[in-house]
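Engineer: Quick one: structure below, then a few questions.
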Amino acid sequence: MAGSNEINVNESKVFVLILLWGSLKSSVSFHIPFLGLEFLSRIFEVSGEKQSLFGGMKFETKVVPLNTWILISNFKLAYNMLRRPDGTFNRDLAEFLERKVPPNAIPVDGVFSFDVVDSSTSLLNRIYRPSPETEANSQFGIDDLQKPLSTTEIVPVIIFFHGGSFTHSSANSAIYDTFCRRLVSICKAVVVSVNYRRSPENRYPSAYDDGWAALKWVHSRPWLHSGKDSKAYVYLAGDSSGGNIAHHVAHRAAESGVEVLGNILLHPMFGGQERTESEKKLDGKYFVTIQDRDWYWRAYLPEGEDRDHPACNPFGPRGVSLEGLSFPKSLVVVAGLDLVQDWQLAYVEGLKNAGQEVKLLFLKQATIGFYFLPNNDHFYYLMEEINSFVNPNC
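In the UniProt record's numbering, the protein residues as written are 1 to 394.
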């Protein structure tokens, strides 16, 4: 019987993968040396048929920068190994394979960070702040982290929810640590990255509850206030499942009268029971399959629920209308090569139909994860848009 820590493929093959993955974990800044996935696929070949670790993925590099393709393909390889058909997940192996980084009291590229635990919830948040230019090489302590931001200028506070389909990654994942630093550098903002509980160990609504707790925590910290009116200028942001969390936390905030100025959703993870044209057309072509999506929804949603649950399909048959709510403005980024784009576009229409303010960035030739590496025009366009979104008066 498969226990929560069993490995669901042949141990010798897993050992080979771990050795290969170890070389990836030690790579610097995600400029990963080439690792031939066709070679890896031969390693996992059994009786003339490739193991399902690649999940039927068709390797497409024509429109994807090579290092991005390698990065996400290797995530895909690990993810397929960690998921089990019975709905369990190998968390121990996932933690071993994932490259994580500590916070840094000495600034890196003008940004320093600390981990802070909310004593009332035991929720960990990683805080990123820009360091003063005159103190670029200084070591900062907790007192520096909690210095007031500014009594004159407005400093945006971006609460960020990492992606990973509710199951993978964390606030200290190297790839998200790098992304949050870039947000700080480009937007001159503070970023609070939330280490929310993950599925399948923690199902709906755990991630939303943690996001809600993080939002209330940010508003309660005087040192995260800025401007002449001394308040927190809060934006919610996230990619994939993180974008989904941002929406639901913002909805809860709107119903409770807690201020959120804007939502930034990067190819947010939404869905529904119906199979859309984009799902059929792009199934397995750019890193993601319908089978993948279904597994993650089964792992997160309440047992017995289908994909028309409001967590998955917020404007579906059981969704709740936002009409009349003071819902924050939204920036929704849709990658034209993401198979769930039809659900993301339907989400944008749902916001419009409810009379809410929304800006759509549809990037026709972008794939999921295009923003992880600054190696494409989409990356720079997105960062410019985010900066304008959180600093509208600059």
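Each residue gets a CB set at the ideal place from its N, CA and C atoms; glycine is no exception.
None of the values given here were measured: they were computed from a predicted structure.
To the nearest angstrom, how far is the alpha carbon of S226 from that of G87?
Structural biologist: So the alpha carbons of these two residues sit roughly 45 Å apart.
Engineer: Just the Cα atoms here: how many angstroms apart are Y371 and L145?
Structural biologist: For Y371 and L145, the distance between alpha carbons rounds to 27 Å.
Engineer: Look up L236 in the DSSP assignment and say whether it is helix, strand or coil.
Structural biologist: Looking at L236 - three-state DSSP - the assignment turns out to be strand.
Engineer: Within 10 angstroms of the Cβ of F89, are there 16 or more other Cβ atoms? Answer buried if so, exposed if not.
Structural biologist: So F89 counts as buried.
Engineer: Check whether the Cβ of Y286 lies closer than 8 Å to any heavy atom of the ligand HEM, and answer yes or no.
Structural biologist: Absent from the structure shown: the ligand HEM. Ligands present: none.
Engineer: To the nearest angstrom, report how far apart L261 and Y233 are at their CA atoms.
Structural biologist: Spanning the two alpha carbons is a distance of roughly 7 Å.
Engineer: So, using beta-carbon positions, are F362 and G242 closer together than 9 Å?
Structural biologist: Not closer than 9 Å, so no.
Engineer: Along the chain, which unbroken stretches of the beta strand (DSSP E) at least 3 residues long are found entirely within the segment 248 to 272?
Structural biologist: 262 to 266, all fully within the segment 248 to 272.
Engineer: Quick check: the Cα distance between residue 415 and K329, rounded to an integer number of angstroms?
Structural biologist: Residue 415 is absent from the structure shown; the chain starts at 1 and stops at 394.
Engineer: If we ignore side chains and look at the alpha-carbon of each, how far apart do H309 and S131 end up?
Structural biologist: If you take the alpha carbons of H309 and S131, they lie about 43 Å apart.
Engineer: In terms of residue numbering, what span does the alpha helix (DSSP H) encompassing D209 cover?
Structural biologist: Per DSSP, D209 belongs to the alpha helix (DSSP H) from 206 to 220.
Engineer: Which whole-angstrom value is the C-beta distance of G350 and F315, which I expect to be below 8 Å?
Structural biologist: Yes, G350 and F315 are in contact; Cβ-Cβ is about 3 Å, under 8 Å.
Engineer: What alpha helix (DSSP H) runs, 4 residues minimum, are completely inside the segment 127 to 212?
Structural biologist: Segments of the alpha helix (DSSP H) lying fully in the segment 127 to 212: 142 to 145, 174 to 187.
Engineer: From the DSSP output, in three-state form, read off D86 for me.
Structural biologist: Three-state result, D86: coil.
Engineer: Could you give the C-beta distance for Y235 and P156, rounded to a whole number, given that I count them as a contact under 8 Å?
Structural biologist: About 6 Å; that satisfies the 8 Å criterion.
Engineer: Rounded to a whole number of angstroms, what is the C-alpha to C-alpha distance between S278 and V348?
Structural biologist: Rounded to whole angstroms, S278 to V348 spans 16 Å at the Cα level.
Engineer: For a quick check, are the C-beta atoms of H247 and R198 less than 9 Å apart?
Structural biologist: Their beta carbons are not under 9 Å apart, which means H247 does not touch R198 by this criterion.
Engineer: Report back the beta-carbon spacing between A171 and S193 to the nearest angstrom; my notes put them in contact at under 8 Å.
Structural biologist: The pair is a contact, with the Cβ atoms about 4 Å apart (cut-off 8 Å).
Engineer: If I follow the unbroken alpha helix (DSSP H) through D338, where does it start and stop?
Structural biologist: Unbroken run through D338: none, as it is neither H nor E.
Engineer: Which word fits S73, buried or exposed, when buried means at least 16 other C-beta atoms lie within 10 angstroms of its C-beta?
Structural biologist: That one is buried.
Engineer: Buried or exposed for V249, please, with buried defined as at least 16 other CB atoms from any protein chain shown within 10 angstroms of its CB.
Structural biologist: Buried: at least 16 other Cβ atoms inside 10 Å.
Engineer: Using 8 Å as the cut-off, can you tell me whether the segment 103 to 112 makes contact with the segment 203 to 214, which would need three or more C-beta pairs spanning the two stretches below that distance?
Structural biologist: At 8 Å Cβ cutoff, the stretches do not touch.
Engineer: I need the boundaries of the beta strand (DSSP E) containing L361, first residue and last residue.
Structural biologist: Start and end: 358 to 363.
Engineer: Okay, do the segment 116 to 126 and the segment 211 to 220 touch, 3+ Cβ pairs below 8 Å being the bar?
Structural biologist: Because the criterion of three Cβ pairs below 8 Å is met, the segment 116 to 126 and the segment 211 to 220 touch.
Engineer: According to DSSP, is V333 part of a helix, a strand, or is it coil?
Structural biologist: Strand.
Engineer: Taking the alpha-carbon of G272 as reference, which of A254, A253, V63, L301 has the nearest alpha-carbon?
Structural biologist: Of A254, A253, V63, L301, the residue nearest in Cα terms is L301.
Engineer: Using CA coordinates, which residue listed in R83, S185, N375 is at the minimum distance from L71?
Structural biologist: With distances taken between Cα atoms, L71 lies closest to N375.
Engineer: Does the Cβ of V28 have 16 or more other Cβ atoms within 10 Å, making it buried, or fewer, making it exposed?
Structural biologist: Low per-residue confidence applies at V28: pLDDT is 36, beneath 50, and the placement is therefore not dependable enough to give any value.
Engineer: With a CB to CB cut of under 6 Å and the five nearest residues on each side skipped, what residues in its chain are close to T356?
Structural biologist: Just to set this straight, residue 356 is Gln in the shown sequence, not Thr. The residues are L322, F327.
Engineer: Give the secondary structure of L123 by DSSP, where H, G and I count as helix, E and B as strand, and everything else as coil.
Structural biologist: Three-state DSSP puts L123 in a strand.
Engineer: Which residue or residues does DSSP assign as beta-bridge partners of S226?
Structural biologist: In the DSSP output, where bridge partners are listed per residue, S226 has S150, K231.
Engineer: DSSP three-state label for F327, please.
Structural biologist: F327: coil per DSSP, three-state reduction.
Engineer: In the structure shown, what three-state DSSP assignment does D342 receive?
Structural biologist: Correct three-state label for D342: helix.
Engineer: Are A354 and L331 touching if we call contact CB-CB under 9 Å?
Structural biologist: No. Outside cutoff.
Engineer: Does DSSP put V390 in a helix, in a strand, or in coil?
Structural biologist: DSSP places V390 in helix when its eight states are reduced to three.
Engineer: At the level of alpha carbons, what is the spacing between E305 and L82?
Structural biologist: About 23 Å.
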